[in-house]
Each structure stands twice: as structure tokens, then as C-alpha cells.
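Q: Chains as they are written, first to last, in our numbering: chain C, 1 to 352; chain P, 353 to 503.
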Amino acid sequence: MQLCVLIFVGQNGSTYYNTAALVSSVQSFPESRGHVVGILKGFVGLSGAIWTQIIAMLKLPDQASIIFIIAVGPAMVSLALIFIIRPVESYKQSRASDESGFMFIYSICLLLAAYLTGVLLLENVLHLDQTTISLFALVLIILILLPIVVPILLVFFSGPQSADQEALLEPPMLEATKSKKVIGESSTSTTSSSTTKVTKHVENEKNVPPKLEVLPLSEGPRDMFQIQARLWQAVTKAVRKIKLKNGPSRGDDFTLSQAMAEADFWVMFFSLVMGAGSGLTIINNMGQICQSLGDNNVNVYVSVISISNFLGRVGGGYFSEVIVRYVYHLYYICYFYYLYGAKIDKMNHIKR
Amino acid sequence: MALAVIQAMMSLGLLYYVMGLVGHVYVVGIANGFGYGAHWSIALAAASELFGVKNFGTLYNFLTMASPAGSLFLSGFVASTIYDYYAEQQAKHRMVQSLNNNELLLCEGNVCFSLTCGILALVCLFAASLSLVIVHRTRRFYAQLYVESRR
Chain C
1 MQLCVLIFVG QNGSTYYNTA ALVSSVQSFP ESRGHVVGIL KGFVGLSGAI WTQIIAMLKL
61 PDQASIIFII AVGPAMVSLA LIFIIRPVES YKQSRASDES GFMFIYSICL LLAAYLTGVL
121 LLENVLHLDQ TTISLFALVL IILILLPIVV PILLVFFSGP QSADQEALLE PPMLEATKSK
181 KVIGESSTST TSSSTTKVTK HVENEKNVPP KLEVLPLSEG PRDMFQIQAR LWQAVTKAVR
241 KIKLKNGPSR GDDFTLSQAM AEADFWVMFF SLVMGAGSGL TIINNMGQIC QSLGDNNVNV
301 YVSVISISNF LGRVGGGYFS EVIVRYVYHL YYICYFYYLY GAKIDKMNHI KR
Chain P
353 MALAVIQAMM SLGLLYYVMG LVGHVYVVGI ANGFGYGAHW SIALAAASEL FGVKNFGTLY
413 NFLTMASPAG SLFLSGFVAS TIYDYYAEQQ AKHRMVQSLN NNELLLCEGN VCFSLTCGIL
473 ALVCLFAASL SLVIVHRTRR FYAQLYVESR R
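#1: Taking the alpha helix (DSSP H) that N407 (chain P) falls in, what are its first and last residues?
#2: One question on the structure: do L432 (chain P) and K41 (chain C) come within less than 7 Å of each other, judged by their Cβ atoms?
#3: Can you check whether the C-beta of Y437 (chain P) is within less than 7 Å of a C-beta belonging to chain C?
#4: Quick one, are the C-beta atoms of T131 (chain C) and I307 (chain C) less than 7 Å apart?
#5: Could you tell me the boundaries of the alpha helix (DSSP H) in which V139 (chain C) lies?
#6: Leaving out five residues before and five after V5 (chain C) in sequence, what residues of the same chain have Cβ atoms less than 8 Å from its Cβ?
#7: In whole angstroms, what is the alpha-carbon distance linking A479 (chain P) and S78 (chain C)?
#8: Using the C-alpha atoms, what's the distance from A276 (chain C) back to L126 (chain C)?
#9: Hey, how far is the Cα of L311 (chain C) from the Cα of M1 (chain C)?
#10: Taking C-alpha atoms, which residue in C:V37, C:L135, C:I54 and C:I142 lies nearest to L111 (chain C)?
#11: Since Q233 (chain C) meets chain P, which of its residues come closer than 7 Å, beta carbon to beta carbon?
#12: Using the Cβ count rule (16 or more neighbours within 10 Å means buried), how would you classify C290 (chain C)?
#13: For V23 (chain C) and A395 (chain P), I'd like the C-alpha separation in whole angstroms.
#14: Distance, Cα to Cα, V9 (chain C) vs I66 (chain C)?
#15: Given T468 (chain P), which residues of its chain have a CB within under 6 Å of its CB, disregarding the five upstream and five downstream residues?
#16: Would you tell me roughly how many angstroms separate the C-alpha atoms of Y106 (chain C) and F270 (chain C), rounded to the nearest one?
#17: Please classify Q449 (chain P) as buried or exposed, where buried requires at least 16 neighbouring CB atoms within 10 angstroms.
#18: Which bits of chain P does G48 (chain C) rub up against, with CB to CB less than 7 Å?
#19: Does the beta carbon of I394 (chain P) come closer than 7 Å to any beta carbon on chain C?
#20: For I82 (chain C), which of helix, strand or coil comes out of DSSP?
#21: Cutting at 6 Å between CB atoms, please list the residues of its own chain near I55 (chain C), excluding the five before and the five after it.
#22: Is it the case that the Cβ atoms of G38 (chain C) and V314 (chain C) are separated by a distance below 7 Å?
#23: With a CB to CB cut of under 7 Å and the five nearest residues on each side skipped, what residues in its chain are close to I305 (chain C)?
#24: Suppose you measure from the CA of T410 (chain P) to the CA of F403 (chain P); what does that come to, to the nearest Å?
#25: Using a Cβ-Cβ distance under 7 Å, would G470 (chain P) count as near chain C?
#26: Determine, using beta carbons only, whether L477 (chain P) comes closer than 7 Å to chain C.
#27: DSSP on M274 (chain C), reduced to helix/strand/coil?
#28: Should F408 (chain P) be flagged as near chain C, meaning a C-beta pair shorter than 7 Å?
#29: Please say whether G387 (chain P) and N309 (chain C) have beta carbons closer to each other than 7 Å?
#30: Measure how close the beta-carbons of G422 (chain P) and L280 (chain C) come, nearest whole angstrom, since I'm counting them as under 8 Å.
#31: In the DSSP assignment, find the unbroken alpha helix (DSSP H) run with S423 (chain P) in it and report its ends.
#32: Helix, strand or coil for N285 (chain C)? Go by DSSP, reduced to three states.
#33: What three-state label does DSSP hand L280 (chain C) in the structure shown?
#34: Flag this pair as yes or no: are the beta carbons of Q53 (chain C) and A137 (chain C) separated by less than 7 Å?
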């Protein structure tokens, strides 16, 4: 009974940590979520092995002190970091330095995993004395602390440079956004006046195109392209505004109840129930599976599973990001050419 | 499209489950651990992209509930029932006429979990098809998202 209460409280605590870290870091790196989530989850997976090593180094007299350290240590860390961490403005544009930083952290992660595997194997095969174990653990701690170098480097060394870059970048971008806004506003007003309170965006789209073709004919085909493109942007913006009144579309901020009204959410949920549930089932039953096959060293299998779990988390984050970037880039190019071809067809039609 | 990766992972895991019927425990362990881990990073990233980051905390924890829910059914009901069934069969087969009925029911051999593995493989296949459905539904949104970020 006591154990149940302990497990309940402990699991709650770990979930709090997870949630806080994940949510804040996803919000501050909106461009590369796959990387962030992968790294964080990977470290969660590794932490068990890391703690084992550290405790082996300390060689505490009894179990109570071990539990005390585990209970108090992380809390102390987070208490100390309260004063340092503060909300950062979320960067809309991903910077080039982000990429290298992520790659560095990835390499550290993989190094750490390989190192842990090696140390565990060594400790199982050979019986090491206390000094070598503590040496291993020291190297481990240094490895854990290495990722901190990334933000420090970013802040102190590339800080002024990047500020210059931002200053260089800002004026044209601001102008661009301003002009877009002006155009958008003017044309949204026209579209909304022409389509009086039409809520379905399909109809909205249908109503506008004739206008598009009437306007630019006097100005030549070149301007026609631009104006068409701008009007198209404006129309999509207007459609989005109309949609916002009806409820959030994909990519907007959902609340839980709004998300539960979406079919996507439930499909994803059940997909997770089946996929992750079966995974968890195998992991839970690993002991019995090994036993039934007549193997008695379950430890090896458990460590194999946990390491591959870590690799899956990190690798999943990395590859999903890669795939999303490249596949959608290709998809976009194809789509663009498709649109382009359609437009040329239309132009030929008009000329005739 | 990120979800297509889940699908790929799961069908990979599934393939190895089926291979695992022959008894490669290492392969099952590696593939399964890999697939299980990959779920979390991919699904959460995808959820944050689809449903926004403002209320991500609640959404995240609701999705986290999925895995214990699935395991509760699959591990607590399916796997244990099959295991017990085979264990009883083997106990009868061994003709345990020896005195104590309270002997632990133990199952030995490949047969104990092969059926479970098969069921899990089917479930994974179904999950993979579900995630393909999501891929299909969100394809246009993702294309739009990454076009906008590139401009």
C-alpha cells in the first residue's frame, strides 16, 4: 500500500518535469520540434543508466541515503535553475546556429549512450575496483555537462555578430511584411464587401477569381502574375480569418475540448494506444519471455531494450525532421510547377 | 508526414515481431525498443504542430495516457490469458500428479508468447494504417506549413 502511494507520487513528479521541459522548449524552438522532443525524451531514457553510474561512484552506505539523494538532487537542480531560466522570445525564423547546436547535442547524446553501454559491459564482465568506477563516473558527468557549452557559446561569442545580422535583416523584412499587410488589408476589405458574410470559404474562392481576371488585363501579363499572387494571399488570409470565427483550424492553438472534437486527435490517440501499447506490453513481459525461452540473464535484454529505446527516441526526432523538411520541399516544388503550368494555360486561353 | 515515419517504424517493428516468432529475442528487443521510443518523439512533435503549443501541456498528457491504456488491455488481458492457457496446457501435459496443486504455473518454450506476438503484430498493423489515415488527412496542412516557413 505504501509502495503504491510512493509510486503514484513519484510518477506524478516525473510527469510534471516532462511536461514543463517539453512545453517550454517546444515553444521556444517552434521550427525544429522534432529535434527538441527527441533530445529531451532521449535524455529521459538515458537518465536511469546515468544515475546508476553516479550512485555506483558515490558508494553510499545504505539504501536510504541513495533514495534521499535521488529525491532531493533533482529538486535542488531545478530550484537553482529557477533564477537563471526566463522566457525567451520565440524565434520565428530558425537561425543557422540552431542547426549546428542541435548537431552538437546529438553527437554528445550518441557518445553518452555508447559510453554508458561500454561502461556497463565492462562492469558486468570485469570486477572493477572503486577508483576506476569513480573515474568512469567523472567522465560521465563531464559528458553530461558538455551540452551547456552550446548556449554559453551562443550567448557570449556569437552574440554581437548575430545582433548585427539581425539588424541587417530586419529593415527589408519589416518593409516586406508591412507592404503585405497593407495589401492584405485593402483587399480583404474588398473581398469581404463583395462576398457579404459568406462563411464557407469555398464560395469565397469561387466568387473572387472573375475579379482577378478583370483587373489585370490592362496592365499586361507580368503585373497580372504579381497581382494574382497577392490577391491569392489576401484571399487565403481572409478565409483564415473567417475560419477562426468558426473554430481553430490545424496549426492554431487548440484547447483540450476543442481538440477532442477533432477526428484527427482521436485517430492519433488510438494509433498511439495500439502502437505504444503493444510496445509497452512487450517491454513489460520481457522478463517472462526470457524465462520461457530458458534464458536467465534478463538484465542483458533489459539494457538492450532501454538503449534501443533511447536510440529510437533520438533517431525518431531527427529523422522525422529530416523527412518533413525534404519531402515537403519536393512536394512544394511539384505543386508550384503544377500551379505555374495551370496559370500559363489560363494565360494562353485569355490571349486567344 | 512525420506520421508516415511512425508507420514505417511500426511496420518495421511488426516485421520483427513476426521474425521474433522464431525466437530472436534480441531482435525483438531492439526493434521493439526502437519503435516504442520513436513513437514518443514523433507523435508529440506532430501533435504540437497540429494542435498548437498554447495548451500543449494538457494535450501532451492526454496523449501520454494512450500508452498505459493500450498496455492495460494488451498486457493485462490478452498476454496474460494466453500465457495462462499455455501454462495450464503444459502442466496437464507434464502430468503433474505430484501432490501440490499450488505449484507455480510456468510456461516454457517458444509457444507462450508466439500467439501474443502475432496479435500484437496485427494491432501494430492496424495502428500503422490509422497513422496513414492521419498522414492523408494532414498532408495539405503540412505542405502549407512548410511552404510558409520557407518563404
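Positions of the beta carbon are idealized from the N, C-alpha and C atoms, including for glycine.
This one's a predicted model, so the numbers in the text were calculated from it and none came from an experiment.
A: Short version:
#1: Start at 1 with the first residue of the second sequence, and residue 407 (chain P) comes out as number 55. Element bounds for N407 (chain P): n/a, residue is neither H nor E.
#2: In the second sequence, counting from the first residue as 1, residue 432 (chain P) sits at position 80. In the first sequence, counting from the first residue as 1, residue 41 (chain C) sits at position 41. First, the residue type needs correcting, since residue 432 (chain P) is Ser and not Leu in the sequence shown. Taking 7 Å as the Cβ cut-off, S432 (chain P) and K41 (chain C) do not qualify as a contacting pair.
#3: The residue labelled residue 437 (chain P) in the question sits at position 85 within the second sequence. Output row for Y437 (chain P): interface = no.
#4: Working through the first sequence from its first residue, we reach residue 131 (chain C) at position 131. Working through the first sequence from its first residue, we reach residue 307 (chain C) at position 307. No; because the gap between Cβ atoms is not below 7 Å, this pair is not in contact.
#5: As a working note, residue 139 (chain C) is residue 139 in the first sequence. Looking at the DSSP string, the run of the alpha helix (DSSP H) that includes V139 (chain C) is Q130 to L145.
#6: The count along the first sequence starts at 1 and reaches residue 5 (chain C) at position 5. Same-chain partners within the cutoff: there are none.
#7: For this step, residue 479 (chain P) is matched to residue 127 along the second sequence. For this step, residue 78 (chain C) is matched to residue 78 along the first sequence. Approximately 38 Å between the Cα atoms of the pair.
#8: Position 126 of the first sequence, counted from the start, is the residue given in the question as residue 126 (chain C). Position 276 of the first sequence, counted from the start, is the residue given in the question as residue 276 (chain C). A276 (chain C) has its alpha-carbon roughly 36 Å from the corresponding atom of L126 (chain C).
#9: Translated into the one-based positions of the first sequence, residue 311 (chain C) becomes position 311. Translated into the one-based positions of the first sequence, residue 1 (chain C) becomes position 1. Distance between the alpha carbons of L311 (chain C) and M1 (chain C) is about 35 Å.
#10: For the purposes of this step, residue 111 (chain C) is taken as the residue at position 111 of the first sequence. Looking at the Cα atoms, C:I142 is the closest of the given residues.
#11: Residue 233 (chain C) sits at position 233 when you count from the first residue of the first sequence. What Q233 (chain C) touches in chain P: nothing, since even the nearest Cβ is about 10 Å away.
#12: Sequence index remark: in the first sequence, residue 290 (chain C) carries index 290 (1-based). Its Cβ being crowded by 16 or more others within 10 Å, C290 (chain C) is buried.
#13: Translated into the one-based positions of the first sequence, residue 23 (chain C) becomes position 23. Translated into the one-based positions of the second sequence, residue 395 (chain P) becomes position 43. Using only the alpha carbons, I get a separation of about 14 Å.
#14: Counting from 1 along the first sequence, the entry for residue 9 (chain C) is found at position 9. Counting from 1 along the first sequence, the entry for residue 66 (chain C) is found at position 66. C-alpha separation (whole angstroms): 18 Å.
#15: One-based indexing of the second sequence puts residue 468 (chain P) at position 116. Contacts found: A431 and I434.
#16: In the first sequence, the residue the question calls residue 106 (chain C) occupies position 106. In the first sequence, the residue the question calls residue 270 (chain C) occupies position 270. Distance between the alpha carbons of Y106 (chain C) and F270 (chain C) is about 30 Å.
#17: Against the second sequence, residue 449 (chain P) aligns to sequence position 97. Low confidence applies to Q449 (chain P): its pLDDT is 49, below 50, so where it sits in the model is not reliable enough to give any reading.
#18: Locating residue 48 (chain C) in the first sequence gives position 48, counting from the first residue. Chain P residues near G48 (chain C): none, gap ~13 Å exceeds 7 Å.
#19: The residue you call residue 394 (chain P) lines up with position 42 of the second sequence. Output row for I394 (chain P): interface = yes.
#20: Position 82 of the first sequence holds residue 82 (chain C). In the structure shown, I82 (chain C) sits in coil (DSSP, three-state: anything other than H, G, I, E or B).
#21: By 1-based counting over the first sequence, the position of residue 55 (chain C) is 55. I66.
#22: Taking the first sequence and counting its residues from 1, the one referred to as residue 38 (chain C) is at position 38. Taking the first sequence and counting its residues from 1, the one referred to as residue 314 (chain C) is at position 314. Taking 7 Å as the Cβ cut-off, G38 (chain C) and V314 (chain C) qualify as a contacting pair.
#23: Position 305 of the first sequence, counted from the first residue, corresponds to residue 305 (chain C). So the list reads I283 and M286, once near-sequence residues are dropped.
#24: Taking the second sequence and counting its residues from 1, the one referred to as residue 410 (chain P) is at position 58. Taking the second sequence and counting its residues from 1, the one referred to as residue 403 (chain P) is at position 51. Approximately 11 Å between the Cα atoms of the pair.
#25: Here residue 470 (chain P) is taken as the residue at index 118 of the second sequence, counted from 1. No, its Cβ sits nowhere closer than 7 Å to a Cβ of chain C.
#26: As a working note, residue 477 (chain P) is residue 125 in the second sequence. No, L477 (chain P) lies away from the interface with chain C (no Cβ there is under 7 Å from its Cβ).
#27: Counted from its first residue, the first sequence places residue 274 (chain C) at position 274. Here M274 (chain C) sits in helix by DSSP.
#28: Along the second sequence, read from residue 1 onward, the residue named residue 408 (chain P) stands at position 56. So yes, F408 (chain P) belongs to the interface.
#29: Here residue 309 (chain C) refers to the residue found at position 309 when the first sequence is read from its first residue. Here residue 387 (chain P) refers to the residue found at position 35 when the second sequence is read from its first residue. Contact: no.
#30: For the purposes of this step, residue 422 (chain P) is taken as the residue at position 70 of the second sequence. For the purposes of this step, residue 280 (chain C) is taken as the residue at position 280 of the first sequence. That belief holds up - the Cβ atoms of G422 (chain P) and L280 (chain C) are roughly 7 Å apart, short of 8 Å.
#31: Counting from one through the second sequence, the residue named residue 423 (chain P) turns up at place 71. Residues A418 to F425.
#32: Walking along the first sequence from the start, residue 285 (chain C) turns up at place 285. Coil.
#33: What you label residue 280 (chain C) is simply residue 280 of the first sequence in a count that begins at 1. DSSP places L280 (chain C) in helix when its eight states are reduced to three.
#34: As a working mapping, residue 53 (chain C) is identified with position 53 in the first sequence. As a working mapping, residue 137 (chain C) is identified with position 137 in the first sequence. A contact, by the Cβ cut-off of 7 Å.
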